[in-house]
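Enquirer: Position 231 (the sequence shown) corresponds to 231 in the UniProt record's numbering; numbering is contiguous. The C-beta atom is built at its ideal place from N, Cα and C for all residues, glycine as well. This structure is in structure tokens; I'll ask about it shortly.
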Amino acid sequence: MTGLLAIYAFDDLWDITNYLRYGSMALQHRGFEKGITCYPKDNTIRCIEFTSLDIFDHKLNTSVGIVALYNENNIYIGKASSSGTEVVVLADRTYSELDVVANNIAKLLTEHPSGDIVNTLSSIFNNPDIPTFIALTNRGEVIVWRSGMGLTPLVLGGYGFDMAIVASESVAIDILGAEYRKDFDLGEGAYISRYIFKVFKLKVSEDSAICAFELLYLARPDSIVGGVSVYHFRKRLGEELASRFDKSIDIVVGVPETSYPYALGFSQRLGKPLELALVPTGSRQRSMLKVDPMDKIIAIHLKMNPIKSALEGKKIALVDDSMVTGATIKTVSQLLRFGVGVEEIHLVIASPPLISNCPYRVFNLDVEKLIAANLSSTLMVKYLDVDSISWIDHETMDKIARDFRIRLCGKCFGRNFFGG
């Protein structure tokens with residue numbers, strides 16, 4: 001998964017280095033193993049790869065820049081040059097023809113340097129399979145595009161007429177103290193230069209939807225995705241889980257940190273206390289996004305150290321946002337049973353069972369490792385060492401998506417869409 005950020009100050013007096021730093025900081029929860037920042041320099045484009053935001057300790061001395069943060073070592077970048085016009089494209093997922101996209105942009109900007117830029121660019125974005133991206137030219141122009149497939153969000157904000165900000169989530173705009181302007185619609189993009197800001201909208205796929213994991217897992221709870229409050233969406237799912245829960249428990253415990261809104265809704269509807277009984281260590285760890293098994297286990301242990309006095313001898317509802325391989329839950333259940341002395345563990349998952357790969361490669365899911373695709377509920381209970389498992393069913397997920405008036409891709413859950 002990727003966090004994208006583009007910042008354009010309309011006056012050369014600005015140095016946007018710290019805006020890139022803090023905007024990136026607001027997006028690193030989307031997964032940050034490697035990043036890249038690009039900015040125009042001496043009539044070319046300078047790109048710097050990095051693994052720490054300390055890269056922004058040194059002033060870039062630029063008023064225009066783009067950043068992409070990736071949860072793996074791959075960087076989805078396309079580069080091209082045409083008659084002195086250089087273009088770099090940073091995409092939010094893998095796409096085999098990013099260089100072609102960059103080359104088409106470079107050619108069209110070269111051939112139409114001062115013509116109808118928007119109509120010119122429109123001719124190359126009619127393929128809805130092109131992923132969401134941000135692009136930069138050596139002339140200091142920025143082109144942003146939200147895929148006609150949807151899948152991932154893209155939002156626009158700014159400071160009056162002084163600066164434009166484009167980011168994967170609204171929270172980056174909030175953190176920078178800027179004004180939120182709009183969500184880019186599916187198949188919508190913008191061209192930004194010193195004297196021109198134009199929005200264009202093109203073809204939308206019939207299969208367009210937002211990836212369900214944006215709302216279930218990836219986005220920060222203080223973000224707005226597709227016009228929906230992530231916090232309230234998650235809390236509502238927790239409430240629905242509680243309305244169908246029939247086990248006897250003493251307390252509710254959320255797996256840090258994404259599950260907290262779910263656990264809060266579950267606790268309030270059930271009338272049982274929510275205990276913050278698992279304490280994370282250090283920076284936020286997104287264990288689901290880890291590819292290496294050892295990195296995943298380390299991330300799991302770092303994000304949850306139990307408070308024994310809050311858990312010992314208790315019957316608990318353990319709430320999590322989703323379950324992929326089961327590695328997190330198995331580790332936690334063993335820790336709680338044998339290290340803490342929890343009496344019963346009733347696992348509550350705030351999404352349907354994951355049973356398929358992501359066809360768009362937004363997430364790197366391996367169906368052979370998906371626990372729900374390979375084990376029955378009875379075997380999962382035994383393997384995970386829990387007393388029961390509860391999931392959100394398809395019908396409930398669909399109802400909630402419709403209530404929030406949002407359409408979610410559900411292909412990894414074995415359903416085309418939730419909501420509409």
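Which residues bound the beta strand (DSSP E) around residue 25?
Expert: Here residue 25 refers to the residue found at position 25 of the sequence shown. Here residue 25 belongs to no beta strand (DSSP E); instead the alpha helix (DSSP H) covers 17 to 25.
Enquirer: With C-beta atoms as the reference, is residue 82 less than 7 Å away from residue 107?
Expert: As a first step, residue 82 must be located in the sequence shown, where it is residue number 82. As a first step, residue 107 must be located in the sequence shown, where it is residue number 107. In this structure, residue 107 lies closer than 7 Å to residue 82 by Cβ.
Enquirer: Would you decide whether residue 418 is buried or exposed? Buried here means 16 or more other CB atoms lie within 10 Å of its CB.
Expert: For the purposes of this step, residue 418 is taken as residue 418 along the sequence shown, with counting starting at 1. Per the 10 Å Cβ criterion, buried.
Enquirer: Where residue 88 and residue 140 are concerned, what is the direct C-alpha to C-alpha distance, given to the nearest angstrom?
Expert: Within the sequence shown, numbered from 1, the residue matching residue 88 stands at position 88. Within the sequence shown, numbered from 1, the residue matching residue 140 stands at position 140. Distance between the alpha carbons of residue 88 and residue 140 is about 11 Å.
Enquirer: Within 10 angstroms of the Cβ of residue 234, are there 16 or more other Cβ atoms? Answer buried if so, exposed if not.
Expert: Locating residue 234 in the sequence shown gives position 234, counting from the first residue. Buried.
Enquirer: If I measure Cβ to Cβ from residue 388 and keep anything under 8 Å in the same chain, skipping five residues before and after, which residues do I get?
Expert: In the sequence shown, residue 388 corresponds to position 388, counting from 1. Taken in chain order, the residues that qualify are 247, 346, 347 and 381.
Enquirer: Helix, strand or coil, according to DSSP, for residue 104 in the structure here?
Expert: Position 104 of the sequence shown, counted from the first residue, corresponds to residue 104. Reduced to three states, the DSSP call for residue 104 is helix.
Enquirer: Please give me, in chain order, every unbroken run of the beta strand (DSSP E) with length at least 3 that falls completely inside the segment 360 to 418.
Expert: As far as the segment 360 to 418 is concerned, its whole beta strand (DSSP E) runs of at least 3 residues are 388 to 391 and 407 to 409.
Enquirer: Give the straight-line distance between the Cα atoms of residue 343 and residue 316, rounded to the nearest whole angstrom.
Expert: The count along the sequence shown starts at 1 and reaches residue 343 at position 343. The count along the sequence shown starts at 1 and reaches residue 316 at position 316. Between residue 343 and residue 316, the C-alpha separation is close to 8 Å.
Enquirer: Can you tell me whether residue 402 is buried or exposed, with buried defined as 16 or more other CB within 10 angstroms of its CB?
Expert: Within the sequence shown, residue 402 is the residue found at index 402, counting from 1. When all chains shown are included, residue 402 counts as exposed.
Enquirer: Between the C-alpha atoms of residue 276 and residue 161, what's the straight-line distance to the nearest angstrom?
Expert: Taking the first residue of the sequence shown as position 1, residue 276 is located at position 276. Taking the first residue of the sequence shown as position 1, residue 161 is located at position 161. Their backbone Cα atoms lie some 44 Å apart in a straight line.
Enquirer: Find out if the Cβ-Cβ distance for the pair residue 412, residue 356 is shorter than 7 Å.
Expert: Taking the first residue of the sequence shown as 1, we reach residue 412 at position 412. Taking the first residue of the sequence shown as 1, we reach residue 356 at position 356. Contact flag set, yes.
Enquirer: So what does DSSP say about residue 346, is it helix, strand or coil?
Expert: On the sequence shown, residue 346 is found 346 positions in, with the first residue counted as 1. Strand, per DSSP.
Enquirer: Tell me whether residue 120, by its Cβ, gets closer than 6 Å to a heavy atom of the ligand MG.
Expert: Absent from the structure shown: the ligand MG. Ligands present: none.
Enquirer: Considering just the uninterrupted stretch of the alpha helix (DSSP H) at residue 168, what are its terminal residues?
Expert: Within the sequence shown, numbered from 1, the residue matching residue 168 stands at position 168. Segment: none, residue 168 is in no alpha helix (DSSP H) and carries neither H nor E.
Enquirer: Are residue 152 and residue 207 closer than 7 Å when you measure CB to CB?
Expert: Taking the sequence shown and counting its residues from 1, one reaches residue 152 at position 152. Taking the sequence shown and counting its residues from 1, one reaches residue 207 at position 207. Cβ atoms of residue 152 and residue 207: not closer than 7 Å.
Enquirer: Starting from the Cα of residue 14, find the closest Cα among 225, 65 and 22 and give me that residue.
Expert: By 1-based counting over the sequence shown, the position of residue 14 is 14. Answer by Cα proximity: 65.
Enquirer: Name the one or two DSSP bridge partners that residue 110 has.
Expert: Your numbering for residue 110 matches position 110 in the sequence shown. BP columns for residue 110 are empty, so no partner.
Enquirer: Just verifying my parser: in three-state terms, what is the DSSP assignment at residue 233?
Expert: Indexing the sequence shown from 1 puts residue 233 at position 233. Looking at residue 233 - three-state DSSP - the assignment turns out to be helix.
Enquirer: Hey, out of 182, 85, 131 and 192, whose CA is closest to residue 118's CA?
Expert: Start at 1 with the first residue of the sequence shown, and residue 118 comes out as number 118. When each option's Cα is compared against that of residue 118, the closest is 192.
Enquirer: Just curious, the beta strand (DSSP E) that residue 70 is in, first and last residue?
Expert: In the sequence shown, counting from the first residue as 1, residue 70 sits at position 70. It spans 64 to 70 - the beta strand (DSSP E) in which residue 70 sits, taken as one unbroken run.
Enquirer: Using beta-carbon positions only, say whether residue 187 and residue 202 come within less than 7 Å of one another.
Expert: For the purposes of this step, residue 187 is taken as residue 187 along the sequence shown, with counting starting at 1. For the purposes of this step, residue 202 is taken as residue 202 along the sequence shown, with counting starting at 1. Going by C-beta atoms, residue 187 is nearer than 7 Å to residue 202.
Enquirer: Nearest to residue 391 by alpha carbon, out of 249, 189, 305 and 242?
Expert: Counted from its first residue, the sequence shown places residue 391 at position 391. Comparing Cα positions, the closest option is 242.
Enquirer: Go ahead and pull the three-state DSSP assignment for residue 307.
Expert: In the sequence shown, residue 307 corresponds to position 307, counting from 1. DSSP places residue 307 in coil when its eight states are reduced to three.
Enquirer: Please name the residue in 370, 364, 398 and 138 whose C-alpha comes closest to that of residue 94.
Expert: Residue numbering aside, residue 94 sits at position 94 when the sequence shown is read from its first letter. If we check each option's Cα against that of residue 94, 364 comes out closest.
Enquirer: If we ignore side chains and look at the alpha-carbon of each, how far apart do residue 103 and residue 78 end up?
Expert: Residue mapping note: residue 103 aligns to position 103 of the sequence shown, counting from 1. Residue mapping note: residue 78 aligns to position 78 of the sequence shown, counting from 1. The alpha-carbon atoms of residue 103 and residue 78 are separated by roughly 8 Å.
Enquirer: Tell me whether residue 214 sits in a helix, a strand or coil according to DSSP, three-state version.
Expert: Working through the sequence shown from its first residue, we reach residue 214 at position 214. Note: residue 214 maps to helix in three-state DSSP.
Enquirer: Of the choices 70, 47, 59 and 142, whose alpha-carbon is the least far from that of residue 29?
Expert: Within the sequence shown, numbered from 1, the residue matching residue 29 stands at position 29. When only C-alpha atoms are compared, the closest one is 70.
Enquirer: Please state whether DSSP places residue 267 in a helix, a strand or coil.
Expert: Translated into the one-based positions of the sequence shown, residue 267 becomes position 267. Note: residue 267 maps to helix in three-state DSSP.
Enquirer: Are residue 148 and residue 179 close, meaning C-beta to C-beta below 7 Å?
Expert: To locate residue 148, count along the sequence shown from 1; it is residue 148. To locate residue 179, count along the sequence shown from 1; it is residue 179. Cβ distance not < 7 Å, so residue 148 and residue 179 don't count as in contact.
Enquirer: So the candidates are 300, 368 and 190; which of them puts its Cα closest to the Cα of residue 146?
Expert: Locating residue 146 in the sequence shown gives position 146, counting from the first residue. Comparing Cα-Cα distances from residue 146 to each of 300, 368 and 190, the minimum goes to 190.
Enquirer: Can you round the beta-carbon distance between residue 239 and residue 265 to whole angstroms, since I take them to be within the 8 Å contact cut?
Expert: On the sequence shown, residue 239 is found 239 positions in, with the first residue counted as 1. On the sequence shown, residue 265 is found 265 positions in, with the first residue counted as 1. That pair is a contact at about 4 Å.
Enquirer: By DSSP's criteria, residue 159 is part of a beta bridge. Which residues make up the other side?
Expert: Within the sequence shown, residue 159 is the residue found at index 159, counting from 1. 163.
Enquirer: What separation, rounded to the nearest whole angstrom, lies between the Cα atoms of residue 351 and residue 120?
Expert: Numbered from 1 along the sequence shown, position 351 holds the residue referred to as residue 351. Numbered from 1 along the sequence shown, position 120 holds the residue referred to as residue 120. Answer to the nearest angstrom: the Cα atoms are 43 Å apart.
Enquirer: Could you tell me if residue 400 is buried or exposed, where buried requires 16 or more neighbouring beta carbons within 10 angstroms of its beta carbon?
Expert: In the sequence shown, residue 400 corresponds to position 400, counting from 1. Under this definition residue 400 is a buried residue.
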